[in-house]
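Encoded as structure tokens, the structure appears first; notes follow it.
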Amino acid sequence: MSTTHILEEKYLTRRVLSMQESQTMRISNLAATMKAEGKDIVSLSAGEPDFPTPDNVNQAAIAAINAGFTRYTTNSGIPELKQAILEKFRRDNELEFQANQIIVSNGGKQTLANTFLALCQEGDEVIVPAPYWVSFPEMVRLASATPVIVHTTLENEYKMTPEQLEAAITPKTKVLVLNSPSNPTGSVYSEDEVRALVKVIEGREIFVVSDEMYDMIVYGDVRPFSPARIPAIKDWVIVSNGVSKTYAMTGWRIGYLAGPKWLINACDKIQSQTTSNPNAIAQKAAVAALTGDQGIVEERRAEFEKRRDYMYAALNSIPGFKTALPQGAFYIFPDVSGVFGKTFNGVVMKDSADVAEYLLKVHHVATVPGDAFGAPENLRLSYAASISSLEEAINRIRGAFK
Ligand code: PLP
């Protein structure tokens, strides 16, 4: 055992020892290192749009700096931004909230971490359907609660059924996590599917944390439906969203949360003692994003849809790959178990980590192995990359598994 390891075991808390490092970041870092070494890497591991932040957003930030808007703001976010968020919920999601039901945080990540810290403690169970976004189980563990993973199938487009939900509920169940559109599968629950899940938990004192980060990136005639639309459980639903993905603003760190006033107050209290307000300049930029011309959102959505169509057809034509059609977000999540046990270029593929490592090290394509998302048979590919990069990646992957 190394000295570092001995010190970690001796001094770190159980809380932090039980957490895992973000796998998506690990692969991105490895790919970045190889790139820096001069290797020609095609990276499909990014969790962010490849587009720039829109100019009106940048200009609003510059104006904020020039106006000296560079000091502490109200801990929970400036009133102007809360108004813009209320209007966004009305316009895009048919949801009505009051300003005191909104808190702005440092990215969607902080809104969710605050929520789990406020709602969960030792002994509580949180139902997390898999494949899941990497941070859900770790945030639940950080709050000393227990994630209860429900495994979904490709045949069911990686969506949890009401029967699976019913079977996962125990007297300890405190929260159900829904993430639609999903990172990593791109699945979107239809209105009927959301209603069927809600029927199972209605009247049972179970909260729904609904992560709607990709709500504006959906394809065809698919429309996401928030569980907060259902009056019977509205007081039990917490909606998390942000400007990161819709407006290509991942580095600005603005997320927002809507829910019952008492819970928002609790998140406000946690935030006031940990980070204080989110960045003042970024809040002004977020106002411009949410209230400005929304044409760019549709343009980019349409571009993602073309890439989705290309990737779906291309990946399904590779022997050993089986892929569900993503209906939103910008990820595709093939089941690659068809190549497990086979040898390529002298490398045996035991699991998707082997597949990802082989693709990166030998063929210079960066993807993310599915075990980070609770799905060891899959690989996550992000199509937040130009069509020419995607074509190059597909040629390399096809060549890799010849
Ligand atoms: N929720 C999901 C499903 C995500 O994929 C992400 C980012 O990858 C987040 C939340 C966090 O977003 P932010 O960058 O605003 O913290």
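Just add 714 to wherever you are in the sequence shown, counting from 1, and you've got the working numbering. Positions of the beta carbon are idealized from the N, C-alpha and C atoms, including for glycine. Since the structure is predicted, the reported quantities are computational estimates derived from the model, not experimental observations.
Every residue whose beta carbon comes nearer than 6 Å to a heavy atom of the ligand PLP appears here in chain order: G761, G821, G822, K823, W847, N893, N897, D925, M927, G956, S958, T964, G969. Assigned with DSSP and collapsed to three states, N770 falls in helix. Between N993 and R967, the CB-CB gap stays under 8 Å.
Under DSSP, the beta-bridge partners assigned to D925 are N893, S954. Residues of the same chain with a CB within less than 6 Å of the CB of A1016, apart from the 5 flanking positions on each side, do not exist. Shortest Cα-Cα distance from I816 to any of S904, W976, I1101, Q1041 involves W976. For N743, the closest C-alpha among the options V1082, E926, A844, A1098 is that of V1082. A contact between stretches requires three or more CB pairs, one per stretch, nearer than 8 Å, and the segment 916–924 fails this requirement with the segment 778–787.
The residue among T717, R729, P763, V1050 with its C-alpha nearest the C-alpha of R1014 is P763. The alpha helix (DSSP H) runs of length 4 or more contained entirely in the segment 826–878 are, from start to end of the chain, 849–856. For G969, the enclosing beta strand (DSSP E) covers residues 969–972.
When rounded, the separation of the alpha-carbon atoms in P1048 and F1035 is 6 Å. Counting of Cβ neighbours within 10 angstroms places G1055 among the exposed residues, the total staying below 16. Under DSSP, L1095 shares a beta bridge with I1046. In this structure, the CA atom of M853 is about 9 Å from the CA atom of T829. Your pair P843 and V864 checks out as a contact, with CB atoms roughly 5 Å apart and the cut at 8 Å. Counting C-beta atoms within 10 angstroms of its own C-beta, D925 has 16 or more neighbours from the protein chains shown and is therefore classed as buried. Excluding five sequence positions before and after S1103, the CB atoms of its chain that fall closer than 7 Å to its own CB belong to V756, given in chain order. Take R729, set aside five residues on each side of it, and the residues of its chain with a beta-carbon closer than 7 Å to its own are L856, S858, in chain order.
In this structure, A1043 sits away from Y872, with a CB-CB distance that is not shorter than 8 Å.
A direct Cα-Cα distance of roughly 13 Å separates L868 from Q1041. Taking one beta carbon from each stretch, the segment 824–838 and the segment 996–1010 have fewer than 3 pairs nearer than 8 Å; the two do not touch.
Comparing alpha carbon positions, the residue from K724, L758, V902 closest to I1108 is L758.
Below 8 Å, enough C-beta pairs join the segment 806–823 and the segment 958–974 to call them touching: three or more. According to DSSP, residue pairing for T1057 in a beta bridge involves V1062.
A distance of 8 Å or more separates the beta carbons of V771 and M930. Looking from the CA of G1052, the closest CA among E1071, L890, G1060, S1031 belongs to S1031. Under DSSP, V914 forms no beta bridge with any residue. Bounds of the beta strand (DSSP E) holding S819 are 816–819. For W976, the enclosing alpha helix (DSSP H) covers residues 975–988. Straight through space, the alpha carbons of G761 and I741 are spaced by roughly 12 Å. Along the length of the segment 715–765, whole alpha helix (DSSP H) runs at least 4 residues long occupy 717–725, 728–731, 737–750, reported in chain order. DSSP, reduced to helix, strand and coil, places A1016 within a helical segment of the structure shown. For the pair T747 and L1074, the Cα-to-Cα distance works out to about 12 Å.
Counting only the Cα atoms, D1068 lies some 29 Å from V902. By the Cβ-count criterion, V1062 is exposed, with fewer than 16 other Cβ atoms from all chains shown falling within 10 Å of its own Cβ.
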